[in-house]
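Colleague:
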Amino acid sequence: PRRLWPRRTPIANRLTDASMVRAEHDPEAEDGPPRITVKELKRVCKEHGGYNTPDINEKLYLHYKGYQRIENLDAYTGVRAIWLEGNGFSKLEGLDKLTELRCLYVHQNCITRIENLSMCSKLTTLQISNNFISRIEGLHALPLLQTLQIAHNAIQSAEDVRGLLHCPSLSVLDLQHNKVDDEGVIDVLEALPQLAVVQLQGNPLLQRMDQYRRKLVSRCRSLTYVDDRPVFPEDRLAIMAWAWGEAELGKGRGLEAEREERARQREEKEAQHRRNMDYMRQITEDAKRRAAERAKAMGETPSAHALVAEAAGADPSAAPGSDAAAAPEHSSASLYNRALAAVEAKRKELLAKQEQARQAEAAGAEVASADAVGGVAPSASAGAAADVDDSTAQPAAAQAGAGAEDDLDALD
């Protein structure tokens with residue numbers, strides 16, 4: 449019968465065509481998937497700004513290429529970071545000569561075991577997520593390892609994570625989205641002295657373990673971040689109070705102890721806030737008092753702020769032997785009343801000076817009008833003296849009145 453769909457190219461022919469294309473690109477390549485050959489490594493180094501001389505390259509970018517085996521890396525002894533994610537590796541190998549390696553990224557592959565890392569003793573970061581690892585092992589030669597990301601694998605029990613005890617410097621551990629359902633994992637994490645960040649979300653343990661976060665934080669004393677939020681010092685104190693309540697007061701009494709600890713923290717914060725406010729108020733009053741003392745020493749009229757400071761510093765109502773003298777009031781109400789009394793006394797003084805200046809000016813005007821109406825013709829010398837007295841008295845009175853008005857305005 450006649451075919452109604454296009455004839456497909458045989459698989460053998462397609463593999464042959466792919467092999468021919470790969471051979472043209474890299475003569476060292478054999479039939480099959482791409483390989484990490486010497487020429488391929490040089491091409492990758494050139495593509496990412498590296499060097500033709502292998503041992504002076506510090507970074508290798510071999511990610512998302514479709515490689516299935518790690519090979520031909522012996523000449524790259526100076527590499528410190530290598531990216532191998534997104535390939536088809538089923539085994540960790542070919543890294544024996546990379547003695548300077550610090551960062552290894554092999555996530556999103558098909559690796560089933562952590563192995564062949566004994567020569568990479570300077571390794572500090574290992575990213576091996578999204579593989580098929582069911583047991584943490586092969587880390588005994590990595591004493592400097594600080595970050596281990598092993599999410600999206602097949603780890604289940606405490607025995608599977610016991611290999612972490614070979615890494616005393618471990619501070620960041622990502623175990624999220626595995627199959628962990630054993631509370632014994634917390635025992636292993638508790639034995640890591642520098643563990644600061646733990647991610648366990650996505651595991652069955654979180655659903656079946658009561659008070660998971662409180663138990664984890666109370667037992668791992670160095671934790672600063674758990675799953676999706678940090679562990680603040682106040683939270684740690686409250687959780688430690690909860691743990692003490694559970695151990696000493698009985699099961700179920702931990703929440704009561706935690707509430708008491710949080711109430712104590714709130715009271716301590718409020719007391720600290722009050723101490724800070726009192727300290728700032730004392731600094732302000734001392735500065736104003738010193739300004740008033742300097743103004744008095746220089747013979748100047750103290751400003752309203754200086755008067756307030758002076759009133760706040762000395763309580764005239766406190767007599768010797770009285771309770772007020774023994775324990776002076778420093779409350780806001782007493783300070784305000786004393787300052788207001790000082791300002792009012794200064795206002796009365798300025799008003800009296802202003803009234804005296806007005807009376808003197810009015811008396812001078814009356815004398816001048818009486819002389820003009822009576823027709824008195826004083827002698828030349830007496831007239832000259834009277835003119836001098838009037839010319840000096842009237843400006844002085846006017847100046848005193850103007851000064852009093854200015855002081856009143858400042859006081860307002």
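The opening residue of the sequence shown carries number 449 in this note's numbering; numbering runs sequentially from there.
Every residue, glycine too, gets a C-beta built ideally from N, C-alpha and C.
Just so it is clear, the structure is predicted and the values come from calculations on it, not from any experiment.
Just checking Glu704 against the ligand MG - is the residue's beta carbon closer than 8 Å to any of the ligand's heavy atoms?
Modeller: With respect to the ligand MG, the structure shown offers nothing to examine, as it has no ligands at all.
Colleague: When you compare only the Cα positions, how much space is there between Ala775 and Ser782?
Modeller: In this prediction, Ala775 has a pLDDT of 41, which is less than 50 and means its spatial position is unreliable; nothing more can be read from the coordinates.
Colleague: What number of angstroms, rounded off, separates the C-alpha of Arg667 from the C-alpha of Arg528?
Modeller: Rounded to the nearest angstrom, the two C-alpha atoms are 35 Å apart.
Colleague: Nearest by alpha-carbon distance to Ile584: which of Leu571, Ala599, Lys570 and Arg656 is it?
Modeller: Here the closest residue by C-alpha is Ala599.
Colleague: Express the C-alpha separation of Arg786 and Ala773 in angstroms, rounding to a whole number.
Modeller: Note that Ala773 scores 41 on pLDDT, short of 50, meaning its location in the model is unreliable; the coordinates nonetheless yield the value given after this. In a straight line, the C-alpha of Ala773 is about 15 Å away from that of Arg786.
Colleague: Starting from Val628, follow its DSSP beta bridges and name the residues at the other end.
Modeller: For Val628, which the question treats as bridged, DSSP gives no partner whatsoever.
Colleague: What residue range does the alpha helix (DSSP H) around Gln647 cover?
Modeller: That residue, Gln647, is in no alpha helix (DSSP H); its beta strand (DSSP E) goes Val645 to Gln647.
Colleague: Three or more beta-carbon pairs under 8 Å between the region 613 to 621 and the region 640 to 656, yes or no?
Modeller: Touching, yes.
Colleague: Tell me whether the region 564 to 577 and the region 524 to 541 touch, counting them as touching only if at least three CB pairs, one residue from each stretch, are closer than 8 Å.
Modeller: A contact exists between the region 564 to 577 and the region 524 to 541.
Colleague: Under the three-state reduction of DSSP, which class applies to Ala773: helix, strand or coil?
Modeller: Residue confidence is low: Ala773 scores 41 on pLDDT, short of 50, so the model does not pin down where it sits. No coordinate-derived value is stated.
Colleague: Taking the continuous alpha helix (DSSP H) assigned at Val492, which residues delimit it?
Modeller: Run containing Val492: Val486 to Glu495, per the alpha helix (DSSP H) assignment.
Colleague: Is the CB-CB distance between Ala691 and Arg710 below 9 Å?
Modeller: The answer is no: Cβ separation not under 9 Å.
Colleague: Rank Pro481, Leu508, Glu506 and His496 by C-alpha distance to the C-alpha of Asp516 and give the top, closest one.
Modeller: Checking the sequence, you will find Gln at residue 516 rather than Asp. The option with the nearest alpha carbon to Gln516 is Pro481.
Colleague: Counting pairs of beta carbons, one from the region 735 to 746 and one from the region 705 to 724, are three or more of them closer than 8 Å?
Modeller: Cβ pair count under 8 Å is below three, so no.
Colleague: Quick check: what's the CA-CA separation for Ser548 versus Ser582?
Modeller: Ser is not the amino acid found at residue 548; the sequence shown has Glu there. Straight-line Cα distance between these residues: approximately 28 Å.
Colleague: Going by beta carbon distance, what residues of the same chain come within less than 7 Å of Arg661, once the five residues before and after it are set aside?
Modeller: Result list for Arg661: Val674, in chain order.
Colleague: Tell me whether the beta-carbon of Glu631 lies closer than 9 Å to the beta-carbon of Leu654.
Modeller: No, they are not a contact pair.
Colleague: Going along the chain, which residues of its own chain have a beta-carbon closer than 7 Å to the beta-carbon of Leu593, five neighbours each way excluded?
Modeller: Taken in chain order, the residues that qualify are Leu571, Thr572, Leu574, Leu587, Cys615, Ser617 and Leu618.
Colleague: Is Leu427 helix, strand or coil when you go by DSSP?
Modeller: Residue 427 lies beyond the stretch modelled for the chain, which goes from 449 to 860, so this question has no answer here.
Colleague: Report back the beta-carbon spacing between Ile559 and Lys539 to the nearest angstrom; my notes put them in contact at under 8 Å.
Modeller: Correct: roughly 7 Å between the Cβ atoms.
Colleague: In the DSSP assignment, find the alpha helix (DSSP H) that holds Lys744 and state where it starts and stops.
Modeller: Per DSSP, Lys744 belongs to the alpha helix (DSSP H) from Gly702 to Ala745.
Colleague: Among the residues of its own chain, which have a CB less than 7 Å from the CB of Leu452, if the five just before and after it don't count?
Modeller: Unreliable positioning characterises Leu452 in this predicted model, as indicated by a pLDDT of 48, which lies under 50. A coordinate reading is not provided.
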